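Each residue of the sequence shown is one higher than the last, beginning at 0 in numbering that gives the first Met the number 0. Here a beta-carbon is modelled for each residue, glycine too, at the ideal position from N, C-alpha and C. Since this is a predicted model, take the numbers as computed values, not measurements. Structure, as structure tokens:
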Amino acid sequence: MPTALELARRALTADAAKALDPLAQLGFADPVQALETLDRIGGPPQSAPLPALALAELAATGRPDEGLRQLLRLAVAYGPRGLFSHLEADPILCQRLVQVVSHSTFLADILVRDFEFLLWLLVETPHLVEPLERSTLRQILRTDIGHVSEFEERLEVLRRVHRREFLRIGTAEILGTKPVAQIGKELADLADVVVEVALETCQHDLWQEHGHPLDERGRPARFLVVGLGKYGGQELNYSSDIDLIFVWDGEGETLPEGEGTPLENSEFFRRLSQRLVQVLTEATKEGFFYRVDMRLRPEGTSGTLTHSLRASWTYYETRGELWERQMLIKARRVAGSRTLGEQYAAMLRPFIYPAHFHSAPHEEIRRIKERIEASIRERPRGENNIKLQAGGIRDIEFIVQCLQLLYGGIQPQVRSHNTLAAIDRLAEVVSPKGAMKAALTAAEASALKNAYEFFRRVENLLQIASGRPDYAIPEDAQALRALALVMGCEDARAFSAALSGHRLRVRRLFAALFYGDTAAPRSPTWLLEVENGSAAAKADLVERGFVDGAAAHRRLQRLAAMGLLLSGGRVHFEALLPELLNSLAAAPDPDQGLLRFTQLVEAYGAPGALYSLLQEHTGFRTLIIAICGSSRFLADLLRRDPALLDSLVGQAGWGLESGPARGDLRAIARMQNKSLLRIGADDLMGLATEEETFLRLTELGEDVLQAVYRLAWGPLVRRWGKPRNRQGRDVRFVVLAAGKFGGREVDFGSDLDLFFVYEGDGKTRRGVPNSVFFTEFSQRLIALLAEGGLYSVDARLRPEGASAPMAISLVGYRRYLAQRAATWERMALSRARQVAGDAEFGGRVLRAIERFVYSREVEAALVVQMQEMRQRMEPQGKRQTRINIKRGPGGIVDIEFVAQVLVLKWGYRDRELRVGSTRHALQLLVEQGYLDPERGRFLLAAYEYLRAVEKGMRLASERASDALPTGRELEILSRALGTEDVEAFEDEVETCMRQTRRVFSAVFAELTD
0 MPTALELARR
10 ALTADAAKAL
20 DPLAQLGFAD
30 PVQALETLDR
40 IGGPPQSAPL
50 PALALAELAA
60 TGRPDEGLRQ
70 LLRLAVAYGP
80 RGLFSHLEAD
90 PILCQRLVQV
100 VSHSTFLADI
110 LVRDFEFLLW
120 LLVETPHLVE
130 PLERSTLRQI
140 LRTDIGHVSE
150 FEERLEVLRR
160 VHRREFLRIG
170 TAEILGTKPV
180 AQIGKELADL
190 ADVVVEVALE
200 TCQHDLWQEH
210 GHPLDERGRP
220 ARFLVVGLGK
230 YGGQELNYSS
240 DIDLIFVWDG
250 EGETLPEGEG
260 TPLENSEFFR
270 RLSQRLVQVL
280 TEATKEGFFY
290 RVDMRLRPEG
300 TSGTLTHSLR
310 ASWTYYETRG
320 ELWERQMLIK
330 ARRVAGSRTL
340 GEQYAAMLRP
350 FIYPAHFHSA
360 PHEEIRRIKE
370 RIEASIRERP
380 RGENNIKLQA
390 GGIRDIEFIV
400 QCLQLLYGGI
410 QPQVRSHNTL
420 AAIDRLAEVV
430 SPKGAMKAAL
440 TAAEASALKN
450 AYEFFRRVEN
460 LLQIASGRPD
470 YAIPEDAQAL
480 RALALVMGCE
490 DARAFSAALS
500 GHRLRVRRLF
510 AALFYGDTAA
520 PRSPTWLLEV
530 ENGSAAAKAD
540 LVERGFVDGA
550 AAHRRLQRLA
560 AMGLLLSGGR
570 VHFEALLPEL
580 LNSLAAAPDP
590 DQGLLRFTQL
600 VEAYGAPGAL
610 YSLLQEHTGF
620 RTLIIAICGS
630 SRFLADLLRR
640 DPALLDSLVG
650 QAGWGLESGP
660 ARGDLRAIAR
670 MQNKSLLRIG
680 ADDLMGLATE
690 EETFLRLTEL
700 GEDVLQAVYR
710 LAWGPLVRRW
720 GKPRNRQGRD
730 VRFVVLAAGK
740 FGGREVDFGS
750 DLDLFFVYEG
760 DGKTRRGVPN
770 SVFFTEFSQR
780 LIALLAEGGL
790 YSVDARLRPE
800 GASAPMAISL
810 VGYRRYLAQR
820 AATWERMALS
830 RARQVAGDAE
840 FGGRVLRAIE
850 RFVYSREVEA
860 ALVVQMQEMR
870 QRMEPQGKRQ
880 TRINIKRGPG
890 GIVDIEFVAQ
900 VLVLKWGYRD
910 RELRVGSTRH
920 ALQLLVEQGY
930 LDPERGRFLL
940 AAYEYLRAVE
950 KGMRLASERA
960 SDALPTGREL
970 EILSRALGTE
980 DVEAFEDEVE
990 TCMRQTRRVF
1000 SAVFAELTD
């Protein structure tokens, strides 16, 4: 097998077609693009091609495509001849450069901007391996800026030096030449020197304006910059904020020279703090230093930017909380007065490390961590967060800090701001109770250190890749493999195994410290006691039927925690837990059921009270769990309006109430939701047949429409006056329904098919033509239905279709039916009926429609037109890839067409057949002998089956869809409809639709003979 170098030479010397294969073997995901990049790098003529060694080194990075793109940027910036001659002459430089630019766009940006830094790296070779002490770094920076005195120019030079040192440290990171602890220290040392020089620069500037601050005895007042968090712990990474606190000491005022303005020392140090933060965070052409986080100061964002030493002590002594003790473990002087720093540390020591705690810190630290984990679960890719996920960096820090708080009051040696140093010291001290046992065993300390070093190196590599605060393990296969390789792992699988192993060991130690060793009793309440991420809890819940046992466990613990808000709430939840788990396990989708139940409890706002209600009312409990487990549609209704829960406890108050509906769209919407919930609940619990459910939904649609009709009518009449004819009489109006609304077969989430007819021409009292009035009224009616979230309206069945005015006069409508209506509209209008407006006038309109629909027998030409129309309705192209139970071949529409064509054929002479309901029409056609009984029974059964599937899809989903779902959603639908075998369910649907299409084809063939 050829080596990478041989493949590289082959790729660089072969013609284009033959170069693709070696490039692919070198690991390029896009060999064609790589070849184009190589051509661009060499340029015409090919005077300075990429060295073969560089191409071979790219293969070893796991990110050759990205590395080659960055080399192109360097070649474009500096010319290939100069760049590649250096790489050809120095294999070590070649290897380093390829590694750096492949793994870090951030460092590549620095090199593109400052090419001389590449040659500087050659000189800096010792400092890529050996530690660079802070004193040496300070000397280097001061040498670089020593000749500059002007404020802004001095800062720009400092920014450039800061960027160069980032390149040095980052290169060592990628090459793996320094341990994690040293990298973190050098990054913190760099920040220390930057803050120190920036502080001196800002101080000097303010001294010139206001003089030196002196205390009341004439001595220099002092100022201190304290670093916290990773910065204080000398564990900084590449995109960390730096957490700071500013402290001053010495009441008095400044002593200006010349005409300067004196300031109170407190104001001087406030301005100094403000200016320092501005300097550190300000972005210029040379970049910026750091993001600064000041939220950890006393009183947080509501407090002043800087505090005196006395005010700081008063705050911590009287108001300091446990999390602040924990935070201040890492407090470290980073710039300013050394003596004030020592005084500040001594002042804080008894607060951070008391000899005794009134209550152990475990519980509060655990709650803080639980809140962190709950918050990251809401973030995209939160489960991949190396810092905050269970078993990650924060778990280690919390373990160490909790032990430091416990032991630090009597064991001074554990008081280290650095995590790794603290782990070592905790393994050396004995228990404060006197038992001959270390705070951490050697094995525990080793597990924590190994995990911390592994996690921090991963974190560093993620952040140096882009220069952004990234903590998420990549999901992209190539990016994960590249990370694995630079981490020294053989491949992505080995890396993932190592990561999981470290997380598991850390989480076990975290659980032992913060939860104790809890055995698992038989009652499922044990799930509420063990830590998040417990393997036993996850396995138990998976065995109960949950797909994501870990997520289910988190939700159960969240539900239990919410119960603590009311006395006894947790007890009520524990009593509910067995039935909740058993019922959800039997639901179509246990995971979504538990999620919906959790969302519902959160939306209700009083978890303990809801748990109490659920425990007291058996039927209510059964219904709520069933809704959450089986219907997203109904659960979302409850989540959006949790007050509806109270109505479900009893039976009263259902149906649309006309009182509030007359003047309040929100009241109409609420009563609609209330009715939808009851109809859906009865359907879900088997208390209503399919036909009863569709009829009740239809009646609800009528009630809502009529309420909105009243709401829309009044304001328009007050604005324009009532419409009248030429004789001065009121002109009447009617709203007609078609489709499933006309046939009284409305489903959950159905549109309303409507069209509008008014009695005749004329004007309102204010001279507005009736045509304008009724068109405006129709549009307003549709808009209110949509605005209230009540119904979508389909008005395309009106004369002339979607481009025509919304309302038409009766004279115009009769003329349209007589002269221009398409023959297929006979079928569509066979389901028309009045749903709002004047009843007597509606009867006149319906009689005109009836004469049009049933005036003559159906001819073969009309049947052919209907077949062609049906064919056009079938899904085409991409929409045809899934089974469409409504419009697909053999779907619901096939059955509706059969019923309607037969009703048209025989209804012109048999008035009893003139019904809009498909189910009723099929029954009558069989009873009257117009449809073969076997075919009729089959079509009835198929119609009921497909409508049940359609209803199941709409109840299970947030959006109406006619296409059968796939994958997990299909499995859920299958279970909801009583079939565990998803393949058998899909076969059953397809068989039903094939047989329906055969009957459809046979009926239409017979009608055209």
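### Query
If you pair each beta-carbon of the segment 726 to 740 with each one of the segment 827 to 836, do three or more pairs fall below 8 Å?
With a cut-off of 8 Å on Cβ pairs, the segment 726 to 740 is in contact with the segment 827 to 836, counting three or more such pairs.
### Message
Quick check on Gly977 - is its C-beta less than 8 Å from some C-beta in chain C?
### Response
In the structure shown, chain C does not exist; there is a single protein chain.
### Task
Could I get the ranges of all uninterrupted beta strand (DSSP E) runs contained in the segment 437 to 484, with 3 residues as the minimum, in chain order?
none
### Query
How many angstroms separate the CA atom of Lys432 from the CA atom of Glu970?
As a working mapping, residue 432 is identified with position 433 in the sequence shown. As a working mapping, residue 970 is identified with position 971 in the sequence shown. Note that Lys432 scores a pLDDT of 47, beneath 50, so its modelled location is shaky; the value from the coordinates is reported in the next line. Going by the C-alpha atoms only, they are around 57 Å apart.
### Query
When the Cα atoms are used, what is the spatial distance from Thr36 to Gly169?
Position 37 of the sequence shown holds residue 36. Position 170 of the sequence shown holds residue 169. Taking the CA atoms as reference points, Thr36 sits about 26 Å from Gly169.
### Message
Taking only three categories from DSSP, how would you classify His126?
### Response
Reading the sequence shown from its first residue, position 127 is the one you call residue 126. Helix at His126.
### Task
Please check the pair Leu127 and Arg167, which I expect to be a contact at CB under 8 Å, by giving their CB distance rounded to whole angstroms.
In the sequence shown, residue 127 corresponds to position 128, counting from 1. In the sequence shown, residue 167 corresponds to position 168, counting from 1. Sure, about 7 Å apart at Cβ, within 8 Å.
### Task
Just grab the DSSP bridge partners of Arg883 for me.
If you number the sequence shown from 1, residue 883 lands on position 884. One point to set straight first is that residue 883 is Asn, not Arg, in the sequence displayed. Bridge partners of Asn883: Ala962.
### Task
Please name the residue or residues paired with Ser735 in a DSSP beta bridge.
For the purposes of this step, residue 735 is identified with residue 736 of the sequence shown, where counting begins at 1. According to the sequence as given, residue 735 is Leu; it is not Ser. Its beta-bridge partners are Phe754 and Gln833.
#### Entry: Strand pairing of Thr1041, partner residues [DSSP]
The displayed coordinates of the chain run from 0 to 1008. Any statement about residue 1041 would go beyond what the structure contains.
### Message
Quick check on DSSP: helix, strand or coil for Val224?
### Response
In the sequence shown, counting from the first residue as 1, residue 224 sits at position 225. It is a strand residue.
### Task
Would you mind working out which of Met865, Ala860, Ser808 and Gln818 sits nearest Phe840, comparing C-alpha positions?
Locating residue 840 in the sequence shown gives position 841, counting from the first residue. Residue Ser808 is the option with its Cα nearest to Phe840.
### Query
What whole-angstrom Cβ distance do Ser829 and Val902 have, given they're in contact under 8 Å?
Within the sequence shown, the letter at position 830 stands for residue 829. Within the sequence shown, the letter at position 903 stands for residue 902. Their Cβ separation, rounded to whole angstroms, is 6 Å, which keeps Ser829 and Val902 in contact under 8 Å.
### Proximity below 8 Å, CB of Phe772 to CB of Pro722
Position 773 of the sequence shown, counted from the first residue, corresponds to residue 772. Position 723 of the sequence shown, counted from the first residue, corresponds to residue 722. Closer than 8 Å, so yes.
### Message
Suppose contacts are defined by Cβ-Cβ distances below 8 Å. Is Ala947 in contact with Leu921 by that definition?
### Response
Numbered from its first residue, the sequence shown carries residue 947 at position 948. Numbered from its first residue, the sequence shown carries residue 921 at position 922. Cβ atoms of Ala947 and Leu921: not closer than 8 Å.
### Task
Please classify Gln671: is it buried, with 16 or more other beta-carbons within 10 angstroms of its beta-carbon, or exposed?
Taking the first residue of the sequence shown as position 1, residue 671 is located at position 672. It counts as buried.
### Three-state class that DSSP yields for Glu263 in the structure shown
Mapped onto the sequence shown, residue 263 falls at position 264. Collapsing the DSSP output to three states places Glu263 in a strand.
### Query
What's the C-alpha gap between Glu701 and Glu744?
Residue mapping note: residue 701 aligns to position 702 of the sequence shown, counting from 1. Residue mapping note: residue 744 aligns to position 745 of the sequence shown, counting from 1. Those two C-alpha atoms are separated by around 12 Å.
### Task
Could you tell me which residues DSSP puts in a beta bridge with Leu213?
Working through the sequence shown from its first residue, we reach residue 213 at position 214. In the DSSP output, where bridge partners are listed per residue, Leu213 has Pro219 and Glu252.
### Task
Have a look at Glu164 and Ser148 and give me their C-alpha separation to the nearest angstrom.
Taking the first residue of the sequence shown as 1, we reach residue 164 at position 165. Taking the first residue of the sequence shown as 1, we reach residue 148 at position 149. Between Glu164 and Ser148, the C-alpha separation is close to 22 Å.
### Message
Using the Cβ count rule (16 or more neighbours within 10 Å means buried), how would you classify Asn581?
### Response
In the sequence shown, residue 581 corresponds to position 582, counting from 1. Its Cβ having fewer than 16 others within 10 Å, Asn581 is exposed.
### Task
Report the rounded CA-to-CA distance for His552 versus Leu186, giving the unit in angstroms.
Stepping through the sequence shown from its first residue, residue 552 is reached at position 553. Stepping through the sequence shown from its first residue, residue 186 is reached at position 187. Using only the alpha carbons, I get a separation of about 39 Å.
### Helix, strand or coil at Ser84 according to DSSP, with G and I counted as helix
Against the sequence shown, residue 84 aligns to sequence position 85. The answer is helix: DSSP assigns Ser84 an H, G or I state.
### Query
Alpha carbon to alpha carbon, what distance is there between Trp719 and Tyr776?
As a working note, residue 776 is residue 777 in the sequence shown. As a working note, residue 719 is residue 720 in the sequence shown. The residue you asked about is not Tyr; residue 776 is Phe in the sequence shown. Their Cα atoms are separated by approximately 11 Å.
### Task
Count the C-beta pairs between the segment 133 to 148 and the segment 97 to 117 that are closer than 8 Å, then say yes if the count reaches three, no if not.
no
### Task
Counting only runs of 3+ residues fully inside the segment 920 to 952, write out the beta strand (DSSP E) ranges in chain order.
none
### Message
According to DSSP, Gly286 sits in a beta bridge with which residue or residues?
### Response
Mapped onto the sequence shown, residue 286 falls at position 287. In DSSP, Gly286 forms a bridge with Thr283.
### Query
Is the segment 412 to 428 in contact with the segment 442 to 452, if contact means three or more CB pairs nearer than 8 Å?
yes
#### Entry: Through-space distance from Glu982 to Pro964, alpha-carbon basis
Here residue 964 refers to the residue found at position 965 when the sequence shown is read from its first residue. Here residue 982 refers to the residue found at position 983 when the sequence shown is read from its first residue. If I take the Cα positions, the gap works out to 13 Å.
### Message
Quick check on the burial criterion: 16 or more other C-beta atoms within 10 angstroms. Buried or exposed for Asp242?
### Response
Indexing the sequence shown from 1 puts residue 242 at position 243. It counts as buried.
### Query
With a Cβ-Cβ cutoff of 8 Å, do Glu256 and Arg158 count as a contact?
If you number the sequence shown from 1, residue 256 lands on position 257. If you number the sequence shown from 1, residue 158 lands on position 159. No, Cβ-Cβ distance for Glu256 and Arg158 is not below 8 Å.
### Task
Note the first and the last residue of the continuous alpha helix (DSSP H) segment covering Val1033.
Coverage of the chain is limited to positions 0 through 1008, which leaves residue 1033 absent and any answer about it impossible.
### Task
Apply the 10 Å Cβ neighbour rule to His203 and answer buried if 16 or more other Cβ atoms are within range, or exposed otherwise.
Taking the sequence shown and counting its residues from 1, one reaches residue 203 at position 204. By the neighbour-count definition (other C-beta atoms within 10 Å, threshold 16), His203 is an exposed residue.
### Message
I'd like the list of long-range same chain contacts for Arg72, defined as Cβ closer than 6 Å, with 5 residues on each side in sequence excluded.
### Response
Looking up residue 72 in the sequence shown gives position 73. For Arg72, where only same-chain residues beyond five positions count, the Cβ hits under 6 Å are Val111.
### Message
Output needed for Ala491: all residues of its chain with C-beta closer than 6 Å, excluding positions within five of it in sequence on either side, in chain order.
### Response
Counting from one through the sequence shown, the residue named residue 491 turns up at place 492. Only Leu479, Arg480 and Ala483 meet the Cβ criterion.
### Query
DSSP puts Ala1019 in a beta bridge; with which residues?
As displayed, the chain neither begins before 0 nor continues past 1008, which places residue 1019 out of reach and without an answer.
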